[in-house]
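One structure is given here, and the rest of the page talks about it.
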Amino acid sequence: MLRSCASRLRTPGALRGRLGGAPPPARDSRPPPRSFSSEVIYVDHSLPNPSWSKDMRLLFDQFMKKTEDGSWKRLPSHKSVSPQRTEEVKTFFPDAKPIKEHMSQAQLFPRSLEEGLGFEYAMFHNHVENRTVCIFQGGPYLQGVPGFLHGGAIATMIDSTVGMCAVLAEGVVMTANLNINFRRPIPLCSVVVINSQLDKVEGRKLFVSCNVRSVDEKTLYSEATSLFVKLDPKKSLT
89 MLRSCASRLR TPGALRGRLG GAPPPARDSR PPPRSFSSEV IYVDHSLPNP SWSKDMRLLF
149 DQFMKKTEDG SWKRLPSHKS VSPQRTEEVK TFFPDAKPIK EHMSQAQLFP RSLEEGLGFE
209 YAMFHNHVEN RTVCIFQGGP YLQGVPGFLH GGAIATMIDS TVGMCAVLAE GVVMTANLNI
269 NFRRPIPLCS VVVINSQLDK VEGRKLFVSC NVRSVDEKTL YSEATSLFVK LDPKKSLT
């Protein structure tokens, strides 16, 4: 998410130039300003921050305890895809020519809002069980019906969680189908647990299911099934 440090990095001078519109000197010996993305893009945003509620911190600590024996692993989360990952995906889209300026500003959607206002989450993965769990706190900018989380926001996190489960199992994949049954609305700013499981693999097809429950696991908010397709490097998608 766009953290508070971002506002300090993007000073008015950096965004608009010098006050009064005076042209810059012909030669400037000072080093160029560091780009916003190079400063904060690879900060791990899945770590606790002041906006996290007591329930969010408690769940995080519980899962961190599970990582001590190696059965679970916490998954770092950044604002953008790493250059290595970008190049890996490019092999499947050889004809795609994204505009460089757009790519320099690109951020992952779930990490694009200010700290505490949107998607606050952390993911953990169990390789042996092929499970990925996401603890998620939806901020006030994700409201749908007054007082409740927007359905599209929880769909985003479901897709992100089951997608991560598929990626960790088979590599580069794309969502082919996502079917969600919304059982109950999720109160705004509450914490839920998204539990995903790789059910089966058929050739290049991966079937992943998940459920969204309250912290005490007593309330079922949503259930989902999904189909992902592992991309074939020999076949271009464009």
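Okay, so the sequence shown: first residue is 89 according to our numbering, each after it adds one.
The C-beta atom is built at its ideal place from N, Cα and C for all residues, glycine as well.
Checklist entry - Buried or exposed: N265, going by 16 or more other Cβ atoms within 10 Å of its Cβ? => result Position 177 of the sequence shown, counted from the first residue, corresponds to residue 265. So N265 ends up on the exposed side.
Item to check | Reference N214; option with closest CA among C277, L276, D320, R162 | outcome: By one-based count along the sequence shown, residue 214 stands at place 126. Closest by alpha carbon: R162.
Next on the checklist: To test your reading of the DSSP string, which unbroken alpha helix (DSSP H) runs of 4 or more residues are found completely within the region 236-263?
Outcome noted: If we require 4 residues or more, the alpha helix (DSSP H) runs fully inside the region 236-263 come out as 239-258.
Next on the checklist: Tell me the DSSP secondary structure of P275 in three-state form.
Outcome noted: Along the sequence shown, one-based indexing puts residue 275 at 187. Three-state DSSP puts P275 in a strand.
Checklist entry - Mind checking whether L230 and G204 have CB atoms under 8 Å apart? => result For the purposes of this step, residue 230 is taken as residue 142 along the sequence shown, with counting starting at 1. For the purposes of this step, residue 204 is taken as residue 116 along the sequence shown, with counting starting at 1. Going by C-beta atoms, L230 is not nearer than 8 Å to G204.
Next on the checklist: Can you check which of these residues, R272, S248, C277, A257, is closest to T263 by C-alpha distance?
Outcome noted: The sequence position of residue 263 within the sequence shown is 175, counting from 1. Closest option to T263, Cα to Cα, is S248.
Checklist entry - Mind checking N267: buried by the 16 CB within 10 Å criterion, or exposed? => result Residue mapping note: residue 267 aligns to position 179 of the sequence shown, counting from 1. Exposed is the call here.
Item to check | Paired residues, beta bridge with F295 - DSSP | outcome: Looking up residue 295 in the sequence shown gives position 207. Answer is K288, L315.
Item to check | Backbone CA spacing between R43 and L276 [nearest angstrom] | outcome: Residue 43 lies beyond the stretch modelled for the chain, which goes from 89 to 326, so this question has no answer here.
Item to check | Limits of the unbroken alpha helix (DSSP H) element including Q150 | outcome: What you label residue 150 is simply residue 62 of the sequence shown in a count that begins at 1. Q150 -> alpha helix (DSSP H) spans 142-154.
Next on the checklist: Whole angstroms are fine: how far does the CA of N269 sit from the CA of Q225?
Outcome noted: As a working note, residue 225 is residue 137 in the sequence shown. As a working note, residue 269 is residue 181 in the sequence shown. Rounded to the nearest whole angstrom, the C-alpha separation of Q225 and N269 is 20 Å.
Checklist entry - Which residues share a DSSP beta bridge with S302? => result Locating residue 302 in the sequence shown gives position 214, where the first residue counts as 1. Answer is V280.
Next on the checklist: Let's see if you can read the secondary structure: which residues bound the beta strand (DSSP E) around R162?
Outcome noted: Residue numbering aside, residue 162 sits at position 74 when the sequence shown is read from its first letter. That run of the beta strand (DSSP E) goes 161-163.
Checklist entry - Can you tell me whether L294 is buried or exposed, with buried defined as 16 or more other CB within 10 angstroms of its CB? => result For the purposes of this step, residue 294 is taken as residue 206 along the sequence shown, with counting starting at 1. If you draw a 10 Å sphere on the C-beta of L294, you find 16 or more other C-beta atoms in it, and that means buried.
Checklist entry - Less than 8 Å separating the beta-carbons of V300 and I223? => result In the sequence shown, residue 300 corresponds to position 212, counting from 1. In the sequence shown, residue 223 corresponds to position 135, counting from 1. By the CB criterion at 8 Å, V300 and I223 fall outside the cutoff.
Checklist entry - If you count every other CB in all the chains shown that lies within 10 Å of the CB of S240, and 16 or more means buried, which is it? => result By one-based count along the sequence shown, residue 240 stands at place 152. As written in the sequence, residue 240 is Gly, which differs from the Ser given in the question. Answer is exposed; the Cβ neighbour count stays below 16.
Checklist entry - By Cβ distance below 7 Å, which residues in the same chain neighbour S141 in space, the five residues on each side in sequence not counted? => result Indexing the sequence shown from 1 puts residue 141 at position 53. Here the set comprises Q225, V279.
Next on the checklist: To the nearest angstrom, how far is the alpha carbon of T307 from that of V317?
Outcome noted: By one-based count along the sequence shown, residue 307 stands at place 219. By one-based count along the sequence shown, residue 317 stands at place 229. If I take the Cα positions, the gap works out to 31 Å.
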